[in-house]
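See structure below.
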Amino acid sequence: MNDMYGKGILKGLSVSLKRFAETYLDDLSWIGRRYRTAEGIAHRSGKDARGIFTVQYPEEKLPVPEEFRFVPFLVYNEGPNGEKNLLCTSCGICAKVCPPQCIWIVRSTDPATGRPVPDPAEFYIDADICMNCGLCAEYCPFDAIKMDHDYELASFERHIYDKARLSKPAKYYESIRPDNARRENAARAAKQAARSGVIKVE
Amino acid sequence: MAAPASNPTLDLTSRFPDWLITDTRPGYSGWLVDKSHLVEFATALRDEFGYDYLSSVTGVDYLPEGKMEVVYQVYRTTGGPGLMFKVQAPRTDPVEVPSLVAIYPGAELQEREAWDLLGIKFTGHPDLRRIFMWEGFAGFPLRKDWHEPYFEEDAKPFKNRWPAGKIEMSESQNIFEDNIAYPQGFRPEGMSFDPEKALYDSLRTYQTNEIGLDTDHIIVNLGPQHPSTHGVFRVAVVLDGETIVNLKPVMGYLHRNHEKIGERNTYIMNMPYTDRLDYLASMSNNFGYALAVEKLMNIKPPERADYIRIMMAEMTRISNHLFLIGSLLNDLGAYFTPMLYALEERELILDIFEAVAGSRMMCNFFRFGGVARDLPEGTLQKIKEIFFERLPRTIDEIDRFLSENEVIRSRGVGQGVLTPEDAIRFSITGPMLRASGIPYDIRRAEPYSLYDRFEFDVCTRKHGDIYDRLMVRFDEIRQSIRIIQQAAKQIPEGPIMSVKPMYQVRVPPGEAYGRVEGPKGELGFYLVSDGKPNPWRYHVRAPSFINLTAFGPMCIGLKVADVVGVLGSIDIVLGEVDR
Amino acid sequence: MDSNELNAPGYEIPAEIKGQIAITSLDRIYNWGRSASVWPMMFGLACCAIEMICAAASRYDLARFGMEIMRPSPRQSDLMIVSGTVTKKMMPTIVRLYNQMPEPKYVLAMGACASGGGPFKEGYNVVSGVDKFIPVDVYVPGCPPTPQALLNGLMKVQEKIRGESIKKSRWYQKGVDSAEIPIPLLGPDLIDPRKIGRIKNGEKA
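Protein chains in written order, with our numbering: chain A, 1 to 202; chain B, 1001 to 1579; chain C, 2001 to 2205.
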């Protein structure tokens, strides 16, 4: 053991004392700008973070990265009269790939002919079973269902979401995932160009 | 570093010509042993051929062929690939197989699990009781003909979700509106058994050398609700004053039927479920499962994906060890301060996981043939900043804070000692094995992915007490930082998936055992496939579960207050223990 | 009397002192004291418990809300945060702990597993939601909910506490303080004593 009994404890105490002093010194060097500003939050979550590490929810919210996934939502494009055109064609791949099977889809049928129409009549997600894995968004071929960023969903009842509650506009999707939206729009435009190019050649 | 020990050709067939045959089913490998010669074979393997470490014991139910099979994996602690051998027994009532506890004591808890879930009776087992379900539960759940109360179909996806998927909660399909079913003719007032009786009876069989006063020994329960952060885990101890005379862990309070759900899922659906096994180290679990399925499918990921995988796995190791340092010191009494310091660093690592995979803890990042997404812009820069500049400095600070502290030394040095021979006999793996002096690390013994390209040391310590187990984890954090630094410099550009991403993977029939060096030990996945979209048998070899075999013998003779310290240093996480 | 009756006593009350009557402010002081010092019970079952510990750690401080005292003993706590999957083997213990908590007590179901069974709902050892046995006040979805989502849920509990009134509180009325929930038994499957009548009548699954 050490020659002086208690040397280890004193070493530990010196570390605590250093961190204690840093909380005040760091505040001083950032007077006024440390809290409630975006650069203050970024400094406190970066590699140079010293001193107080707390991000004071609800006044300051830590920004979520683009890939963050919470409960899914359906994307719709606004029509000319304000109607919601969901991108979903009720192909059912998300319901088939969901691990706990928490998606229920009713495919709509044309009342006249009885043939299926690529539009969901009803779409339910039980958010109390959903495990936020993101497989539905990853394998949707039409980019119709995406993972949301909104995590402030606590309530006094259970959460079973229907189609109305799940639909959000495409603008919202572009605002939360700009890189992904840009990449998908470019891919869709390229596919359109290729298809119309083929028809023109013929 | 030295290459792993080469594997000489085993003359097993010449040694046992009459009753040992190779397994010739398509996609299978290993040896089939006759039931009556099992003990003789295992003794010869351990003594003559040097396979001293039994890694995994599991049962498989082959209902169409009318038999049950028990699969064993053994390895040598000097390194190299392992040996798989199996025993088959007809599916009568009861199914009986000789027990191997006398030869490999590490099989004790795993054989109890096979009894509990599959109904395979191991003759000669010292204490064959149910381990996850309670005594008195009706049925053996993992058998193929046993259906759970919310049973809809044999395999997902279920047909009533699409195209006519009017929402129907599972509760509405069951008479009691809950996940409950009783056997025919069950009368509740006639019920008289006590689920605890078998446990207390087994606790009372122990040896004592009592001299002097004839004192009473009391039975005390620690848990399942207790202020330690390890989760719902219960320990039943027999005390003589303050000294422990006998100790048995009781688990199953978080048994979430991972393996039964795994058999109903398709292969890609199992990936998010593996996150929830060892929830502190989710990337590691994903890695093991992806390796096992890739072995079956015979594909390999591209180089960039392998570098990303290794970086994520090592970051997970650091995050897990930081949490362990915090919770071990919380258990030893330094209430919350070391945990706050350690969690601060862990939060920065979790930020990287959130940016890359989408979630702090349940990452679901690996796919068969690569990883799900590429690293976003600026992430590699952030990784370099943290692992070259910040983390080495703060780990040294936490080390200075803790490692010479007199209280930790007096509570840790010499307490809860595990000798190296005991560690191998009880099938201990991971930092606990290396703290006792055995330098067995799967990343060196049987390298997977690209670990043979990196320079790192296998960290060992000599004494095997609580203090050494804490210090070996500090060493491992430093080695992981070294690996990440090398990977961040060497990572090439390129694709991240070697096959097209599909949600229905075609897996040829066969079996595979894929194992990784997880932060807690050897995490193995045993998969049996029959060509269908969902596995026939899916078993997880959980390191925390098997490390608990040594918990009882390590604690005998200690005082009650040390039990918590020993449990903290074993590093269990209930999601893995109970699955 | 509640505030409507008080504000219309038969003569005109000037606008600036409407609502400033002793009983409403007594309610507010009482509820402010209770909501600013809720003591959660350290009851972590599974993965959500790790996010609860992270919520109590330095980045998302729970001490700012007065909740940093996490008592392991139920006798000294107000709020039971059920974080993680509830299994049948653990259910008798949970009900016993709930009965031991003194009034006023609240339950927050954190995560998908505690709210409605979660991804493990189809398992044979899983109870699909803790509200099958004990009354739940707030549900927080997510798997696991991030610490900021948990803080949002805790703020909802505080909101609920602030909306209560002394006159209607259970623990000050005459009669039994709180109804004890009967503890389930472990037989061939979990037995809820409140449903024994239906089992006896021969309902078979």
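Backbone N, C-alpha and C define an ideal beta-carbon position, used for all residues, glycine too.
### Collapsed DSSP secondary structure at residue 1539 of chain B in the structure displayed
Position 539 of the second sequence, counting from 1, holds the residue named residue 1539 of chain B. Residue 1539 of chain B: strand per DSSP, three-state reduction.
### Query
Grouping DSSP H, G and I as helix and E and B as strand, with all else coil, what is residue 1274 of chain B?
Along the second sequence, read from residue 1 onward, the residue named residue 1274 of chain B stands at position 274. In the structure shown, residue 1274 of chain B sits in a helix (DSSP, three-state: H, G or I).
### Query
Could you give the uninterrupted runs of the beta strand (DSSP E) lying entirely in the stretch 67–106 of chain A, keeping only those of 3 residues or more?
Counting whole runs of 3 or more residues, the stretch 67–106 of chain A contains the beta strand (DSSP E) stretches 72–78 and 84–86.
### Within the stretch 1495–1552 of chain B, ranges of the beta strand (DSSP E) (whole runs, at least 3 residues)
Uninterrupted beta strand (DSSP E) stretches at least 3 residues long and entirely within the stretch 1495–1552 of chain B occur at 1510–1518, 1521–1529 and 1537–1541, given in chain order.
### Query
With 16 other CB atoms within 10 Å as the buried threshold, where does residue 1007 of chain B fall?
Walking along the second sequence from the start, residue 1007 of chain B turns up at place 7. Here residue 1007 of chain B scores only 42 on pLDDT, less than 50, and its place in the model should not be relied on; the value that follows carries that caveat. It counts as exposed.
### DSSP-derived helix/strand/coil call for residue 2171 of chain C
Sequence index remark: in the third sequence, residue 2171 of chain C carries index 171 (1-based). Residue 2171 of chain C falls in the helix class under three-state DSSP.
### Query
Can residue 2166 of chain C and residue 2078 of chain C be called in contact, C-beta distance under 8 Å?
Against the third sequence, residue 2166 of chain C aligns to sequence position 166. Against the third sequence, residue 2078 of chain C aligns to sequence position 78. Taking 8 Å as the cut-off, the Cβ atoms of residue 2166 of chain C and residue 2078 of chain C do not count as close.
### Query
What's the gap between the Cα of residue 1487 of chain B and the Cα of residue 1308 of chain B?
Translated into positions along the second sequence, residue 1487 of chain B becomes position 487. Translated into positions along the second sequence, residue 1308 of chain B becomes position 308. Residue 1487 of chain B and residue 1308 of chain B: Cα-Cα distance of roughly 8 Å.
### Query
Three-state secondary structure (DSSP) at residue 108 of chain A?
The residue labelled residue 108 of chain A in the question sits at position 108 within the first sequence. The three-state reading of DSSP puts residue 108 of chain A in strand, counting E and B together.
### Task
Taking a Cβ distance cut-off of 9 Å, strictly less, list which residues of the stretch 45–63 of chain A are near chain C, in chain order.
45, 52, 53, 54, 55, 56, 57, 58, 61 and 62: these are the residues of the stretch 45–63 of chain A whose beta carbon lies less than 9 Å from some beta carbon of chain C, given in chain order.
### Query
Is residue 1071 of chain B helix, strand or coil by DSSP?
Numbered from its first residue, the second sequence carries residue 1071 of chain B at position 71. Strand, per DSSP.
### Query
How would you list, in chain order, the residues of chain A whose beta-carbon sits under 8 Å from the beta-carbon of residue 2076 of chain C?
If you number the third sequence from 1, residue 2076 of chain C lands on position 76. Here the premise fails: no neighbours, minimum Cβ distance about 25 Å.
### Query
Do residue 1286 of chain B and residue 1274 of chain B have their CB atoms nearer than 8 Å?
As a working mapping, residue 1286 of chain B is identified with position 286 in the second sequence. As a working mapping, residue 1274 of chain B is identified with position 274 in the second sequence. Taking 8 Å as the Cβ cut-off, residue 1286 of chain B and residue 1274 of chain B qualify as a contacting pair.
### Query
Over what stretch of residues does the alpha helix (DSSP H) that includes residue 1482 of chain B continue unbroken?
As a first step, residue 1482 of chain B is located in the second sequence; it is residue number 482 there, counting from the start. First-last of the alpha helix (DSSP H) with residue 1482 of chain B: 1466–1490.
### Query
With a cut-off of 8 Å, do at least 3 Cβ pairs link the stretch 1546–1561 of chain B to the stretch 1421–1431 of chain B?
Touching, yes, given that three or more Cβ pairs across the two stretches are closer than 8 Å.
#### Entry: Status (buried if at least 16 other CB within 10 Å, exposed otherwise) for residue 1159 of chain B
Along the second sequence, read from residue 1 onward, the residue named residue 1159 of chain B stands at position 159. With fewer than 16 Cβ atoms within 10 Å of its Cβ, residue 1159 of chain B is classed as exposed.
### Message
Just to confirm, is the Cβ distance from residue 1565 of chain B to residue 1416 of chain B under 8 Å?
### Response
Sequence index remark: in the second sequence, residue 1565 of chain B carries index 565 (1-based). Sequence index remark: in the second sequence, residue 1416 of chain B carries index 416 (1-based). For residue 1565 of chain B and residue 1416 of chain B, yes; Cβs fall inside 8 Å.
### Task
Go to residue 1059 of chain B, then tell me how far its alpha helix (DSSP H) extends in each direction, as first and last residue.
Here residue 1059 of chain B refers to the residue found at position 59 of the second sequence. That residue, residue 1059 of chain B, is in no alpha helix (DSSP H); its beta strand (DSSP E) goes 1053–1062.
### Task
List the endpoints of the continuous beta strand (DSSP E) containing residue 2099 of chain C.
One-based indexing of the third sequence puts residue 2099 of chain C at position 99. Segment 2091–2100 is the alpha helix (DSSP H) holding residue 2099 of chain C; no beta strand (DSSP E) there.
### Query
Between residue 141 of chain A and chain B, is there a C-beta pair that is closer than 8 Å?
Here residue 141 of chain A refers to the residue found at position 141 of the first sequence. The C-beta of residue 141 of chain A comes no closer than 8 Å to any C-beta of chain B.
### Query
Should the stretch 63–70 of chain A be regarded as contacting the stretch 87–94 of chain A, the criterion being three or more beta carbon pairs within less than 8 Å?
Contact between the stretch 63–70 of chain A and the stretch 87–94 of chain A is absent: fewer than three C-beta pairs spanning the two stretches fall below 8 Å.
### Query
Going by Cα to Cα distance, which pick from B:1523, B:1534 and B:1536 is closest to residue 1056 of chain B?
By 1-based counting over the second sequence, the position of residue 1056 of chain B is 56. Ranking B:1523, B:1534 and B:1536 by Cα distance to residue 1056 of chain B puts B:1523 first.
### Query
Which residues in chain C sit within 9 Å of residue 71 of chain A, going by Cβ to Cβ distance?
Counting from one through the first sequence, the residue named residue 71 of chain A turns up at place 71. Result: 2141 and 2142.
### Task
List the whole-angstrom C-beta distance separating residue 956 of chain B from residue 1109 of chain B, where the pair is believed to meet the contact cut-off of C-beta under 8 Å.
The question about residue 956 of chain B has no answer here: the residues shown for chain B are numbered 1001 through 1579.
### Chain-ordered residues of the stretch 1283–1299 of chain B with a beta carbon less than 9 Å from chain C
Residues are counted here when their Cβ sits less than 9 Å from a Cβ of chain C; for the stretch 1283–1299 of chain B the count is zero.
### Message
Please classify residue 1338 of chain B as buried or exposed, where buried requires at least 16 neighbouring CB atoms within 10 angstroms.
### Response
Stepping through the second sequence from its first residue, residue 1338 of chain B is reached at position 338. By the C-beta density criterion, residue 1338 of chain B is buried, having at least 16 other C-beta atoms within 10 angstroms.
### Query
At a CB-CB cut-off below 8 Å, which residues of chain B make contact with residue 2059 of chain C?
On the third sequence, position 59 is the one that residue 2059 of chain C refers to. Result: 1343, 1344 and 1347.
### Query
Who are the near neighbours of residue 26 of chain A in its chain, counting only those whose CB is closer than 8 Å to its CB and skipping five residues on each side?
Position 26 of the first sequence, counted from the start, is the residue given in the question as residue 26 of chain A. So the qualifying residues of the chain are 34, 50, 51 and 52.
### Task
Give the DSSP bridge partners of residue 167 of chain A, in chain order.
Along the first sequence, one-based indexing puts residue 167 of chain A at 167. Residue 167 of chain A is bridged to A:74.
### Query
Quick one: what does DSSP say residue 180 of chain A is sitting in, helix, strand or coil?
Taking the first residue of the first sequence as 1, we reach residue 180 of chain A at position 180. Helix at residue 180 of chain A.
### Task
Could I get the ranges of all uninterrupted beta strand (DSSP E) runs contained in the stretch 1366–1390 of chain B, with 3 residues as the minimum, in chain order?
Correct list: empty.
### Message
Measuring straight from C-alpha to C-alpha, what distance separates residue 1347 of chain B and residue 1314 of chain B?
### Response
On the second sequence, residue 1347 of chain B is found 347 positions in, with the first residue counted as 1. On the second sequence, residue 1314 of chain B is found 314 positions in, with the first residue counted as 1. So the alpha carbons of these two residues sit roughly 15 Å apart.
### Query
With a Cβ-Cβ cutoff of 8 Å, do residue 1087 of chain B and residue 1111 of chain B count as a contact?
Against the second sequence, residue 1087 of chain B aligns to sequence position 87. Against the second sequence, residue 1111 of chain B aligns to sequence position 111. For residue 1087 of chain B and residue 1111 of chain B, no; Cβs fall outside 8 Å.
### Message
Quick check: the stretch 148–156 of chain A against the stretch 1295–1308 of chain B, are at least 3 beta-carbon pairs closer than 8 Å?
### Response
They do not touch, by the three-pair rule.
### Query
Which term fits residue 2095 of chain C, buried or exposed, when burial requires 16 or more other beta carbons within 10 angstroms of its beta carbon?
As a working mapping, residue 2095 of chain C is identified with position 95 in the third sequence. Its Cβ being crowded by 16 or more others within 10 Å, residue 2095 of chain C is buried.
### Message
Against chain A, does residue 2115 of chain C count as a neighbour if the rule is that its beta carbon must be under 8 Å from one of theirs?
### Response
For the purposes of this step, residue 2115 of chain C is taken as residue 115 along the third sequence, with counting starting at 1. Contact of residue 2115 of chain C with chain A is assigned, a C-beta pair being separated by under 8 Å.
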